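One structure is given here, and the rest of the page talks about it.
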Amino acid sequence: MPQCIFCEGDDLPEDTQECPNCGNKPFSGMYFDPEQYVRAGALEAEGKVDEAWALLYEEWLGHCDIDYFDDEMASEIQVKLLELFDRQPSLLVQQRYELCRQTMDIQFFWACFASIDTLKEGMKAMLKHGREDLARELVSDHASIEEQGRHPKPPHPTEDNITSYIALVRKEMENAD
12 MPQCIFCEGD DLPEDTQECP NCGNKPFSGM YFDPEQYVRA GALEAEGKVD
62 EAWALLYEEW LGHCDIDYFD DEMASEIQVK LLELFDRQPS LLVQQRYELC
112 RQTMDIQFFW ACFASIDTLK EGMKAMLKHG REDLARELVS DHASIEEQGR
162 HPKPPHPTED NITSYIALVR KEMENAD
């Protein structure tokens, strides 16, 4: 039986609507309104791609909140954001950059590191759409996140090796094709 995502107390029956220990809705997705996907789809269909992204992005941020971290639901919403980006990349490159940067910040908060895989994924999206400037920014963002309060420092891209790291990621992209 599952546990409450807030207090991780006793196992609860799957039909529980309120945790008896903390009073919150106990399971992943219970604070999400699935109609948001319908609204985002309608906005995209109307050509309001920025608004569709903003709607989903706010939901994603809400599920990544420090006080309410619903990883399962946040991951589902992030998939929807990435699908929207894949359909409308020319309109959403800056937003995709912000999603990657925010993801690295969240990873650092919860796990004390920002994933190299997240960095590379974001860099590839930027480079694929001609935004080397944003790929460079991501490397810089990642380096500054990784420099925060950890000893010893794990190997990671730094301000000094941005160009060589971009070349490495480009090579990975070529090899993947």
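Counted from 1, the sequence shown has number 20 at position 9 by this note's numbering; the numbering is strictly sequential.
Cβ coordinates follow ideal geometry from the N, Cα and C atoms, glycine included.
Small disclaimer: the values here were computed from a predicted structure and weren't measured.
Residue range of the unbroken alpha helix (DSSP H) whose run includes residue i
{"i": "N186", "result": "I173 to A187"}
{"i": "D61", "result": "V60 to H74"}
Distance between residue j and residue i (C-alpha atoms, nearest Å)
{"i": "F96", "j": "V104", "result": "8 Å"}
{"i": "V49", "j": "K91", "result": "12 Å"}
{"i": "N172", "j": "D152", "result": "13 Å"}
{"i": "M184", "j": "L145", "result": "17 Å"}
{"i": "E46", "j": "G52", "result": "10 Å"}
{"i": "E94", "j": "T174", "result": "29 Å"}
{"i": "E7", "j": "M12", "result": "Outside the shown range of the chain, which is 12 to 188, sits residue 7, and nothing can be said about it."}
{"i": "G40", "j": "Y79", "result": "11 Å"}
{"i": "I156", "j": "G133", "result": "15 Å"}
{"i": "E83", "j": "G34", "result": "20 Å"}
{"i": "I77", "j": "D188", "result": "38 Å"}
{"i": "E62", "j": "E55", "result": "8 Å"}
{"i": "K182", "j": "P168", "result": "16 Å"}
{"i": "K139", "j": "D81", "result": "31 Å"}
{"i": "D44", "j": "G141", "result": "35 Å"}
{"i": "V60", "j": "Q99", "result": "8 Å"}
{"i": "Q113", "j": "T27", "result": "32 Å"}
{"i": "E57", "j": "L130", "result": "32 Å"}
{"i": "A178", "j": "R107", "result": "21 Å"}
{"i": "E158", "j": "F124", "result": "10 Å"}
Coil, strand or helix - residue i by DSSP
{"i": "F80", "result": "strand"}
{"i": "Q113", "result": "helix"}
{"i": "Q106", "result": "helix"}
{"i": "Q47", "result": "helix"}
{"i": "Q159", "result": "coil"}
{"i": "L21", "result": "The amino acid occupying residue 21 in the given sequence is Asp; Leu does not appear at that position. Coil, per DSSP."}
{"i": "I14", "result": "Looking at the sequence provided, one finds Gln at residue 14 rather than Ile. Q14 falls in the strand class under three-state DSSP."}
{"i": "P100", "result": "helix"}
{"i": "Q89", "result": "helix"}
{"i": "G34", "result": "coil"}
{"i": "G40", "result": "coil"}
{"i": "E94", "result": "helix"}
{"i": "E29", "result": "coil"}
The ligand PLP heavy atom lying under 6 Å from the CB of residue i
{"i": "K182", "result": "This structure lacks the ligand PLP; in fact it carries no ligand of any kind."}
| What residue ranges within the segment 118-151 form continuous alpha helix (DSSP H) runs of no fewer than 4 residues, ordered along the chain? | 127-139
| said: Tell me whether the segment 17-27 and the segment 58-74 touch, counting them as touching only if at least three CB pairs, one residue from each stretch, are closer than 8 Å. | reply: no
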